[in-house]
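To start, the structure under review is shown below, and the notes come after it.
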Amino acid sequence: MMTARRWPLLRVILSLVVVVLAATGAEYTSRVRTLSGLRLDVSTPLTRPDLIDGVEIDTAFGVEVLNHHRRPFHPDGALRLHAAMGLFCTYQAASVGSTDIFYLGTSLRAYLGLSLDLGRSGRLELTPHIGVGLSYLDPDDETLDIQEPGVITEYGLRLAGLINMGDLDLGVGIAYTFWRNPNRYLTTDRQRVVIDVDQDYPSVFVTVGWHF
């Protein structure tokens, strides 16, 4: 009999718990989503890394589109966990004598780091990332045929400072990237050749974001 009486009470308690959790989750989701948006980062290396071994880049820049949140996790705290996904593309060019070399690499990045509020209108973000992607390296050599797209693996760390201006975010930052990318070719006599794009370099970037 005691067990039978407890079931209605347990159901009421469980129902209240579900309602409270749903309300809390709805409030959290609403607050986060209204501060979610897209961001565009444009970057350039601070140094002149080699495009391939012994060949220094002449031109290089990167563009990244990523989702981001002004209040990612723990909306009521100044220090928060920050997560984002981004699609990064780098274009590089170099020359050896009369030979021009072009490189295009695209990487899908996952970020997980920290965001620190600086008052009501600014914040700092410290975000490590890892990424994977594909590349196209044109060594301008008629004896080489691309065997398969190059696979990129990369990781890095960046620090950004952002200012909130209504729904607009503006900022600058500095990053360090470790980039590994073997590119495989076949020669005209069917020999396999691997050309590596291995780069470790600092870069600076500017960013503009829009919140929905």
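Going by the numbering used here, the first residue of the sequence shown is number 28, and it counts up by one from there. Just so it is clear, CB atoms sit at the ideal spot from N, CA and C, and this is done for glycine as well. Given the structure is predicted, the values throughout are model-derived calculations rather than measurements.
Spatial distance of residue i from residue j (CA atoms)
i: P155; j: G149; result: 20 Å
i: L78; j: G193; result: 40 Å
i: D227; j: Y163; result: 19 Å
i: T71; j: F232; result: 7 Å
i: E91; j: D68; result: 5 Å
i: R60; j: V159; result: The predicted model places R60 with a pLDDT of 44, which falls under 50 and marks its position as unreliable, so this point remains unresolved.
i: Q132; j: C116; result: The amino acid occupying residue 132 in the given sequence is Gly; Gln does not appear at that position. So the alpha carbons of these two residues sit roughly 6 Å apart.
i: T234; j: R147; result: 19 Å
i: N210; j: G177; result: 5 Å
i: L114; j: E169; result: 31 Å
i: G200; j: T214; result: 42 Å
i: I222; j: S125; result: 19 Å
i: G236; j: S122; result: 35 Å
i: H95; j: Y212; result: 38 Å
i: R136; j: L161; result: 12 Å
i: I173; j: R75; result: 26 Å
i: G106; j: L145; result: Residue identity check: residue 106 is Leu in the sequence provided, not Gly. Their Cα atoms are separated by approximately 10 Å.
i: G89; j: S134; result: 11 Å
i: Q218; j: G198; result: 48 Å
i: S63; j: H238; result: 5 Å
i: L73; j: I157; result: 21 Å
i: V220; j: G188; result: 43 Å
Spatially closest choice to residue i from the options, by CA coordinates
i: G81; options: V235, V224, F232; result: V224
i: L26; options: G160, R147, V159, L143; result: Given a span of 28 to 239 for the chain in the structure shown, any question on residue 26 remains unanswerable.
i: D85; options: N210, D127, M112, D172; result: D127
i: L93; options: L65, F129, V235; result: L65
i: Q119; options: D216, P166, Y212, I190; result: P166
i: D216; options: L171, P176, G140, L114; result: L171
i: H109; options: Y130, A87, L139; result: L139
i: A240; options: P229, W237, H238; result: Here the chain covers residues 28 to 239 and nothing more, so residue 240 does not appear.
i: G104; options: G89, L141, L73, E83; result: L141
i: L151; options: I190, F129, L73, S63; result: I190
Beta-ladder partner(s) of residue i, from DSSP
i: L213; result: D172, R219
i: T117; result: G89, G132
i: R10; result: No answer is possible for residue 10: the residues shown for the chain start at 28 and end at 239.
i: G140; result: H109
i: S230; result: P72, A202
i: D127; result: S122
i: I79; result: V82
i: L197; result: I190, V235
Residue range of the unbroken beta strand (DSSP E) whose run includes residue i
i: G158; result: 149-165
i: T74; result: Looking at the DSSP string, T74 is not in any beta strand (DSSP E), and its letter there is neither H nor E.
i: L186; result: 177-192
C-beta neighbour in chain C for residue i, strict 8 Å
i: E152; result: Of the protein chains in the structure, only one exists, and it is not chain C.
Counting beta carbon pairs with one atom in the segment 203-220 and one in the segment 177-195, are three or more of them shorter than 8 Å? yes
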